Amino acid sequence: MSKQLDLCFGIIAILIFFAAFSRLIPHPFNFTPVGGMALFGAAYFTKKYWAFIIPLVAMFLSDLVINNLVYPIVYPQYYEGFTLMTQGWYWMYGSFALIALLGMTILKKVKLPALIAGSLGASLIFFLVTNFGTWAGGTMYPANMTGLLASYTAGLPFFLNTIAGDLFYVGVLFGSFELVKMQFPRLALAS
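According to my numbering, the sequence shown holds residues 3 to 193 in order.
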């Protein structure tokens with residue numbers, strides 16, 4: 003059984019890393035695997051601390067590549083040298099942790115209604131937390147309720163892409179894992 007658990011862990015981790023690095027493929031703003039990765043890890047890692055560690059490490063590594071190899075080419079006017087973390091990273095990573103907690107709560111049994119609810123909940127958490135962070139941590143908006151509402155209003159055009167990205171990546175990650183389990187039925191027992 004231990005080999006099955008190790009194989010199951012490895013497949014889940016590989017799928018999460020592939021999802022994280024799919025951010026290198028050109029895509030619309032906010033059409034990303036963030037919510038899907040957090041929900042997928044939360045649903046399938048037997049030791050729940052891995053649901054935080056593996057997706058966050060995958061995100062961090064993909065962020066390193068994007069921030070230091072992609073953005074300098076696409077936005078050379080903003081590149082000032084090696085970047086370990088982008089400004090306000092804690093809001094994005096914090097939302098990621100909240101999404102994992104959501105997944106642990108509603109995905110005890112992986113069923114389509116729970117996946118859709120989790121995906122929509124993930125999109126909402128990401129939208130609320132990151133736009134709040136933009137308002138709270140910057141000078142772009144006034145430090146009052148009007149500024150907060152302006153931050154959320156400015157984020158609305160990206161929210162539909164967040165929803166679409168979360169639904170897409172939830173479908174890809176959970177669907178891929180189900181296909182793998184069909185090919186290797188012993189994995190169904192380990193997961």
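C-beta: ideal position from N, C-alpha, C; glycine also. All of these numbers come straight from a predicted model, not from anything done at the bench.
Span separating the alpha-carbon of residue i from that of residue j
i: Gln89; j: Asn69; result: 11 Å
i: Val112; j: Phe186; result: 18 Å
i: Arg188; j: Ala156; result: 48 Å
i: Ser149; j: Tyr73; result: Note that residue 149 is Gly in the sequence shown here, rather than Ser. Looking at the two C-alpha atoms, the distance is approximately 28 Å.
i: Ala119; j: Val174; result: 16 Å
i: Glu180; j: Phe23; result: 21 Å
i: Gly140; j: Tyr80; result: 17 Å
i: Ala60; j: Ala152; result: 32 Å
i: Val76; j: Pro28; result: 11 Å
i: Trp137; j: Pro78; result: 26 Å
Whole-Å CB distance - residue i paired with residue j, under 8 Å assumed
i: Gly105; j: Ala45; result: 6 Å
i: Asn32; j: Phe170; result: Going by Cβ atoms, the distance from Asn32 to Phe170 rounds to 12 Å, so no, they are not a contact pair.
i: Phe98; j: Ala40; result: 5 Å
i: Val172; j: Ser125; result: 10 Å between Cβ atoms; not a contact.
i: Ala53; j: Ala21; result: Contact flag wrong, Cβ pair sits at about 14 Å.
Beta-carbon contacts of residue i that lie in its chain and below 7 Å, excluding the five residues immediately before and after
i: Thr164; result: Asn32, Ser125, Phe128 and Phe129
i: Phe176; result: Phe42, Val112 and Leu117
i: Thr34; result: Arg25 and Gly167
i: Tyr154; result: Asn133
i: Lys50; result: Met106
Same chain, Cβ closer than 8 Å to residue i, neighbours up to 5 away in sequence not counted
i: Val182; result: Ile13 and Leu189
i: Phe47; result: Phe11, Ile14, Ala53 and Ile56
i: Ser178; result: Leu17
Close-in-space but distant-in-sequence residues of the same chain around residue i (CB under 6 Å, 5 per side omitted)
i: Ser64; result: Ala22, Phe23 and Arg25
i: Pro57; result: Ile18, Met39, Ala40 and Gly43
i: Leu162; result: none
i: Pro30; result: Asn163
**Prompt:** Quick check: the segment 133-150 against the segment 81-93, are there 3 or more CB pairs under 8 Å?
**Reply:** yes
**Asked** Taking contact to mean at least 3 C-beta pairs separated by less than 8 Å, is the segment 139-150 in contact with the segment 7-21?
**Response** no
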